[in-house]
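Below is one structure, written out as C-alpha cells, with a few remarks after it.
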DNA sequence: CCGTATCCCAGGCGATACTG
DNA sequence: CAGTATCGCCTGGGATACGG
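Chains as they are written, first to last, in the UniProt record's numbering: chain Y, 1 to 122; chain Z, 1 to 122.
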C-alpha cells in the first residue's frame, strides 16, 4: 500500500515549498525571463512594495535561483537574472501559470455558484 | 517586443494564484489523490491545524477543485474528493513537487553558502 | 466526527523617512 | 537607483471550548 504517506513538517520538500509557493516568487521569476533591474521588476508587478520585493529577491537569491549583480557607474544600478536552477523552475511554474490562465473562467463560475448558495432568501 | 508585460493586480490569473499558491493547498490536493475524510487528511499533513485545514478545504471547494460529501450515519463523517478540475491540477502541481524533491539538495547547499557569507569573522 | 466561535498574540506588511 | 530602518496597524493563525 502507498496509503500511509504522511507529509512531515521537517520534510525538505515542504521547507522548500514554503519558500517558493507564495504569490510573488513565481511572478518575479516570470519577469526575470530576461535580466532586469530592481525598479523594472517592481514596475511589472503591480501592487508589490519595495520592501516585499527586496525580501522576495533575497530569498530567491539565497535559494540559488537568481543572481544579483551591481552595475558599474553612477547612479547605482543592480541587475537580477536567473541562474540555471532558477531557469529550471520556469518549466513547472509555466505549467502552473498556464493552468490558471486556461481554467480561470471555469473557476470563477464555480466561485459565483458557491457564493450564491445560502443567500437567495426573500 | 514582448518586453512590456505587466502583471496587473486585477489579472484573474493572479487572483487564482493567490488562492492556490500557498503552502497547504498543494499538499491537500496531493493527499486527496484518493477520497479521504477530514481527520485522515489532517493526520497526513503534519502541523496543520483544524482551523486552517477547514479554511483550505472551503477555499478549494469554492474554487471547484474538491467536493464535500456528508456520509450517512452516525457519528458524523465527511468525505472529500477531487473534481475533474482538481484532478487536472495534479499535473502542474506534481511537476512542481517533483522539482522540489529533485533539487532540494542543491538548494540547501546554496542556502548554506549564502548564510556562510559575512560571518566567518574571528 | 466534523466542524464553528471566541479569544488572543506574533509578526507580516504598508507607509515613510533616510543613506550609499 | 536601490536599498535599510523604524513604526504602527491589522490580520492570520494557534489554542481552546463548545455544538450538530
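Beta carbons: idealized from backbone N, C-alpha and C, even for Gly. Since this is a predicted model, take the numbers as computed values, not measurements.
Inset, instruction - For chain Z, find out if any of its Cβ atoms is closer than 8 angstroms to the Cβ of residue 103 of chain Y; answer yes or no. - result: Yes, its Cβ sits closer than 8 angstroms to a Cβ of chain Z.
Inset, instruction - Return the chain-ordered list of same chain residues with a C-beta closer than 8 angstroms to the C-beta of residue 89 of chain Z, the five sequence neighbours on each side being excluded. - result: Leaving aside the five residues that flank residue 89 of chain Z on each side, the residues in its chain whose CB is nearer than 8 angstroms to its CB run, in chain order, 20, 29, 65.
Inset, instruction - Compare the C-beta of residue 100 of chain Z against all C-beta atoms of chain Y and say whether one is closer than 8 angstroms. - result: By this cut-off, residue 100 of chain Z is an interface position.
Legend entry - Contact with chain Y by residue 47 of chain Z, beta-carbon distance below 8 angstroms: So yes, residue 47 of chain Z belongs to the interface.
Legend entry - Rounded straight-line distance, which links the Cα of residue 111 of chain Z to that of residue 62 of chain Y: Those two C-alpha atoms are separated by around 5 angstroms.
Inset, instruction - Check whether the Cβ of residue 23 of chain Y lies closer than 8 angstroms to any Cβ atom in chain Z. - result: At least one chain Z Cβ lies under 8 angstroms of residue 23 of chain Y.
Inset, instruction - Return the residue from the list Y:100, Y:5, Y:39, Y:9 that minimises the CA-CA distance to residue 85 of chain Z. - result: Answer by Cα proximity: Y:100.
Legend entry - chain Z contact for residue 12 of chain Y (CB, 8 angstroms cutoff): Yes, because at least one Cβ of chain Z sits closer than 8 angstroms to the Cβ of residue 12 of chain Y.
Legend entry - For residue 94 of chain Z, three-class secondary structure by DSSP: If DSSP states are grouped into helix, strand and coil, residue 94 of chain Z belongs with the helices.
Legend entry - Pair within 8 angstroms by beta-carbon distance, residue 37 of chain Y and residue 73 of chain Y: At least 8 angstroms separates the beta-carbon of residue 37 of chain Y from that of residue 73 of chain Y.
Inset, instruction - Compare the C-beta of residue 35 of chain Y with all C-beta atoms of chain Z and state if any pair is closer than 8 angstroms. - result: Judged by the 8 angstroms Cβ criterion, residue 35 of chain Y is not in contact with chain Z.
Inset, instruction - Quick one: grab the DSSP three-state call for residue 104 of chain Z. - result: It is helical.
Legend entry - Helix, strand or coil at residue 67 of chain Y according to DSSP, with G and I counted as helix: In the structure shown, residue 67 of chain Y falls within a strand segment according to DSSP collapsed to helix, strand and coil.
Legend entry - Short Cβ contact (8 angstroms threshold) for residue 6 of chain Y with residue 46 of chain Z: In this structure, residue 46 of chain Z lies closer than 8 angstroms to residue 6 of chain Y by Cβ.
Inset, instruction - Using a Cβ cut-off of 8 angstroms (strictly closer), state whether residue 70 of chain Z contacts chain Y. - result: No, residue 70 of chain Z does not count as interfacial toward chain Y.
Inset, instruction - Leaving aside the five residues before and after residue 97 of chain Z along the sequence, list all residues of the same chain whose C-beta is less than 8 angstroms from its C-beta, in chain order. - result: A distance below 8 angstroms between beta-carbons, with the five flanking residues on each side excluded, links residue 97 of chain Z to the following residues of its chain, in chain order: 26, 30.
Inset, instruction - Note down the Cα distance separating residue 82 of chain Y from residue 15 of chain Y, rounded to an integer number of angstroms. - result: Approximately 21 angstroms between the Cα atoms of the pair.
Legend entry - Terminal residues of the beta strand (DSSP E) in which residue 81 of chain Z lies: From DSSP, the beta strand (DSSP E) with residue 81 of chain Z extends over 77 to 82.
Inset, instruction - Compute the distance between the beta-carbons of residue 42 of chain Z and residue 18 of chain Y, then report whether it is under 8 angstroms. - result: No; because the gap between Cβ atoms is not below 8 angstroms, this pair is not in contact.
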